[in-house]
Amino acid sequence: MTVGETTSGVDARLVHPADVVELTSSTHPDESLWYANDSPQFAWTTAVPGSASGYSCIIDHDPATIPPAVVSQTGSAASFSDVADGVWYFHVRARDTAGSWGHASHYAVRIDLTPPVTSDTADGKWHNTTVAVTLTPNDAASGTSGGLATTEYAIDGLTWLPGTLVTLTADPLTHTTDKLHTISYWSTDVIGNQEATKTCTVGIDTVKPTTRAPVTASVRRGMTATLKYRVGDAAPCAGTVTVTIKIRNRAGNVVRTIPAVVKTADPLVTYTAKFRCRLAKGTYRFSVYAVDPPGNHQLKAASNKLVVR
Ligand SMILES: [Ca+2]
Ligand SMILES: [Ca+2]
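So for the sequence shown, the numbering used here puts the first residue at 37; every next one is plus one.
Printed below as a string of structure tokens:
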């Protein structure tokens, strides 16, 4: 509570008999602390008990508001409800029985009923290298620093750990961490308002896709050639691969590239690539390349013969 103004720590004016003293709050007893209570109550007395004939009260966000010289109530207590989150200041001054107003008194209340909101940097995509996900809690009232503020996360529903940096390790040698990982997380603010658990996903896939070209192709020059192929990618994976086909002559030079297409990775499905064949008569080889969304390329491109008659 602050009574009137001071200069250099010395009270700069005389005490008015109706000055409000002992302004307290039973609901928010410490002005420096946050409370999860939006119904603050205040009570006070005057310097000379019984000297007041009425009071002027206001609650706002300004620490130094002087309530107007208009009696708003006669009792020496006030309460409010549904007060929004934030720092508020209750102001009160009293009028004595002769109509003279005392100095204003002020009381700060800090209200926070709202949990923080945590954001994440997960992209929900598949990766073949280690991924770091950053969790960032935000809280407009009591904040996320100190007190009961914390952020906790769990990877795939396992151990909950405090922290804001989540590392999903990729191991291309053992593939043991390959998975569509789910990160669960929540934060609390300084006074412990807890956010409902949120989740995000990050896929780790270090396994290369595979291609097959089980059928020899044959085409009359000038007609449409049909190249058959299959593509696979072991789970866990995104389920699609980007396929490119290159046709080489006997010397090994690429003479035609079939533009990349995205296909569902299913080793049981035979796909076809068609093109109008203007290649010279002869024997060629077509090779099927695949890359999965995280960027793993097939180890050995399947290939087969293309005969142009
Ligand atoms: Ca809060
Ligand atoms: Ca893969």
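Heads up, the beta-carbon is just placed ideally off N, CA and C, and yes, glycines get one too.
Find out if the Cβ-Cβ distance for the pair residue i, residue j is shorter than 8 Å.
i	j	result
residue 2	residue 277	Here the chain comprises residues numbered 37 to 345, so residue 2 is not present and cannot be evaluated.
residue 146	residue 137	no
residue 257	residue 303	no
residue 50	residue 80	no
residue 83	residue 52	yes
residue 239	residue 163	yes
residue 211	residue 191	no
residue 245	residue 332	yes
residue 200	residue 237	no
residue 121	residue 148	yes
residue 142	residue 76	no
For residue i, which residues does DSSP report across the bridge?
i	result
residue 93	128
residue 349	Summary: the structure shown does not reach residue 349, with the chain confined to residues 37 through 345, and so no result is reported for it.
residue 118	Its beta-bridge partners do not exist; DSSP assigns none.
residue 155	172
residue 188	198 and 222
residue 77	115
residue 340	322
residue 63	In DSSP, residue 63 forms no bridge with anything.
residue 333	327
residue 88	132
residue 177	None, per the DSSP bridge assignment.
By alpha-carbon positions, which one of the options ends up nearest to residue i?
i	options	result
residue 107	118, 98 and 92	92
residue 293	104, 300, 186 and 315	315
residue 342	334, 313, 111 and 100	313
residue 153	111, 135, 78 and 225	225
residue 335	117, 247 and 231	247
residue 94	259, 187, 64 and 116	116
residue 196	178, 221 and 260	221
residue 69	159, 103, 101 and 184	184
residue 66	124, 242, 98 and 232	124
residue 287	306, 319 and 281	319
residue 161	87, 241 and 284	241
residue 140	104, 157 and 114	104
Flag residue i as yes if its beta-carbon sits less than 8 Å from any beta-carbon of chain B, otherwise no.
i	result
residue 280	Any reference to chain B falls outside this structure, which holds one protein chain only.
I'd like the list of long-range same chain contacts for residue i, defined as Cβ closer than 8 Å, with 5 residues on each side in sequence excluded.
i	result
residue 345	254, 255, 256, 257 and 317
residue 295	280
residue 174	152, 153, 154, 155 and 180
Is residue i near ligand 3, in the sense that its beta carbon is under 7 Å from a heavy atom of that ligand?
i	result
residue 150	With respect to ligand 3, the structure shown offers nothing to examine, as its ligands consist of ligand 1 and ligand 2.
Using C-beta distances below 6 Å, list every residue in its chain close to residue i, excluding the 5 sequence neighbours before and after it, in chain order.
i	result
residue 203	168
residue 338	247, 248, 249 and 324
residue 166	205 and 206
residue 262	308 and 310
residue 112	80
Which residues in the same chain have their Cβ closer than 7 Å to the Cβ of residue i, if we skip the five residues on either side of it in sequence?
i	result
residue 23	Absent from the model: residue 23. The displayed extent of the chain is 37 to 345, so no value can be given.
List in chain order: all unbroken beta strand (DSSP E) runs of 3+ residues lying wholly within the region 193-270.
Fully enclosed beta strand (DSSP E) runs of 3 or longer: 201-204, 215-224, 234-240, 246-248, 253-255 and 260-268.
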